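Trainee: This structure is in structure tokens; I'll ask about it shortly.
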Amino acid sequence: MTTALKSNWKPAKNTKSHPSATEIVPLPWHDDVATLLKIGKPPLLLLVGDPGVGKTTYARYACVQFTSSEPLLLSGSPELEQSHIWGRWTLSGQETRFVDGPLPMALKTGRWLVIEEFSQIPLECRAALLPLRDQSEITNPLTGEILPIPESFRMIATSNSESLSCRKNAGIAKVLYDGFYVLETCDLSDSQVTSLLRHNFPTASAGRVARVLYQWNEYREFTSKGSSGKSHLSYRAAEHLLRLLEHGMPEPRAVEIALINKFLPSDSDLYSAAKFKVSVSTPESDTDSECDERPLVPMPFRKGEGHETA
13 MTTALKSNWK PAKNTKSHPS ATEIVPLPWH DDVATLLKIG KPPLLLLVGD
63 PGVGKTTYAR YACVQFTSSE PLLLSGSPEL EQSHIWGRWT LSGQETRFVD
113 GPLPMALKTG RWLVIEEFSQ IPLECRAALL PLRDQSEITN PLTGEILPIP
163 ESFRMIATSN SESLSCRKNA GIAKVLYDGF YVLETCDLSD SQVTSLLRHN
213 FPTASAGRVA RVLYQWNEYR EFTSKGSSGK SHLSYRAAEH LLRLLEHGMP
263 EPRAVEIALI NKFLPSDSDL YSAAKFKVSV STPESDTDSE CDERPLVPMP
313 FRKGEGHETA
């Protein structure tokens with residue numbers, strides 16, 4: 013039986029040795045997330061923002077800070093079924109038994125639940141989560157088991173802005189989202205991208221980091237026939253480019269793989285135009301000059317607190 017934490021509970025202190033309790037680069041919205049998780053009523057938080065801004069990374073980090081445990085992680089998709097959330101029946105020897113899914117497991121063990129791409133999940137599956145908004149218990153639709161909802165439970169969902177704006181079944185979706193704290197995560201500034209790159213690649217030269225930032229911005233701002241590279245290139249693309257350069261790949265080839273090829277799956281016209289651009293351009297030489305903006309400094313959480321003020 014899960015014991016709920018007291019109403020004045022605080023984030024766990026003994027998280028330093030945990031694999032997810034590492035330093036992170038603080039972003040402006042992190043403080044708000046920590047505050048909402050600490051309040052906990054309602055226990056549901058939806059983070060909305062572009063891919064690659066660190067929604068899931070910070071959600072997992074915050075879970076460890078508050079509970080000393082990794083969250084249970086569920087990746088949403090249009091093919092997701094109730095059994096992926098609640099569990100499934102299995103045959104064990106001559107007996108049939110039910111194996112709990114991530115939600116029942118979280119409710120029973122005191123761990124938190126993180127759901128990625130929440131808006132991609134079929135509405136009937138999301139609708140079954142409605143009691144989590146403000147009820148003290150929820151029923152597993154596959155077994156009929158009544159599950160108490162501990163006071164300490166939190167569910168953090170993530171979604172990108174584009175998928176969230178789908179108007180299909182908007183009425184039921186409104187009812188569901190009405191029970192969430194909804195927080196929009198801001199786009200990364202150049203200084204924040206620089207900070208993240210330096211944090212994740214501490215041995216990379218300042219000049220190489222600056223060069224990666226330049227190329228990343230160059231192709232994010234690249235347009236062709238009304239299409240823009242911005243929707244295709246998240247922070248991850250900059251990270252991919254720097255990793256390839258750090259491993260000695262020539263810049264033109266690294267740019268093609270890490271940046272230009274990101275256009276290929278969904279916009280062939282933009283991809284072709286970008287390929288032509290790189291074929292006629294001459295790479296600039298690396299420089300050791302610092303970026304104009306002073307980057308943020310990675311900071312750990314203070315012991316006993318859910319967030320760090322940047």
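Residue 269 in my numbering sits at position 257 of the sequence shown, and the numbers go up by one each step.
Where a beta carbon is used, it is the ideal one built from N, C-alpha and C, also for glycine.
Computed from a predicted model, the values in this text were never measured in an experiment.
Please name the residue in C75, D112, A286 whose C-alpha comes closest to that of M167.
Mentor: C75
Trainee: Work out the CA separation of L85 and T69 for me, nearest whole Å.
Mentor: 11 Å
Trainee: For P116, which option in L92, D146, G156, Q106 has the closest C-alpha, if you only look at C-alpha atoms?
Mentor: G156
Trainee: State yes or no: is the C-beta of P40 within less than 8 Å of the C-beta of C137?
Mentor: no
Trainee: Which whole-angstrom value describes the C-beta separation of P165 and W124, a residue pair presumed to lie in contact below a C-beta threshold of 8 Å?
Mentor: It is worth fixing the name first, because residue 165 is Phe in this sequence and not Pro. Contact between F165 and W124 holds: their C-beta atoms lie close to 7 Å from each other, under 8 Å.
Trainee: Should I161 and L119 be called a contact, given that it needs their Cβ atoms to be closer than 8 Å?
Mentor: yes
Trainee: May I ask you to list the residues that DSSP assigns as paired with P160?
Mentor: E149
Trainee: Helix, strand or coil for E258 per DSSP?
Mentor: helix
Trainee: Buried or exposed for D279, going by 16 or more other Cβ atoms inside 10 Å?
Mentor: buried
Trainee: Per DSSP, what kind of secondary structure is E35 in: helix, strand or coil?
Mentor: coil
Trainee: Using a Cβ-Cβ cutoff of less than 8 Å, which residues in the same chain neighbour L225 once the five nearest sequence positions on both sides are dropped?
Mentor: Same-chain partners within the cutoff: D202, V205, T206, L209, A250, C303.
Trainee: What are the start and end residues of the beta strand (DSSP E) that includes S104?
Mentor: Note, S104: beta strand (DSSP E), 99-104.
Trainee: Expressed to the nearest angstrom, what Euclidean distance is found between the alpha-carbon atoms of G318 and Q77?
Mentor: Only weak support exists for where G318 lies, its pLDDT of 41 falling under 50; the value from the coordinates is given anyway. G318 and Q77: Cα-Cα distance of roughly 7 Å.
Trainee: Identify, in the order they occur along the chain, each residue of the same chain with its Cβ nearer than 6 Å to the Cβ of W101, setting aside the five sequence neighbours on each side.
Mentor: T108, F110
Trainee: So the beta strand (DSSP E) S171 belongs to, where does it begin and stop?
Mentor: Its beta strand (DSSP E) spans residues 167-171.
Trainee: Taking just the CA atoms, how far does V45 sit from H244?
Mentor: Each residue's alpha carbon lies about 26 Å from the other.
Trainee: For the beta strand (DSSP E) containing T108, list its first residue and its last residue.
Mentor: Residues 107-112.
Trainee: In this structure, what does DSSP give as the bridge partners for E196?
Mentor: E196 pairs with V60.
Trainee: What does a CB cutoff of less than 7 Å around I150 pick up in its chain, not counting 5 residues either side in sequence?
Mentor: P143, L144, L159, I161
Trainee: What are the start and end residues of the alpha helix (DSSP H) that includes V65?
Mentor: Neither: V65 is in no alpha helix (DSSP H) and is coded neither H nor E.
Trainee: Rounded to whole angstroms, what's the CA-CA distance from I269 to G105? Just pull it up for me.
Mentor: 50 Å
Trainee: Are L256 and W228 touching if we call contact CB-CB under 8 Å?
Mentor: no
Trainee: Taking just the CA atoms, how far does S171 sit from Y247?
Mentor: Rounded to whole angstroms, Y247 to S171 spans 16 Å at the Cα level.
Trainee: Looking only at C-alpha atoms, which of T215, G61, A71 sits nearest to D43?
Mentor: A71
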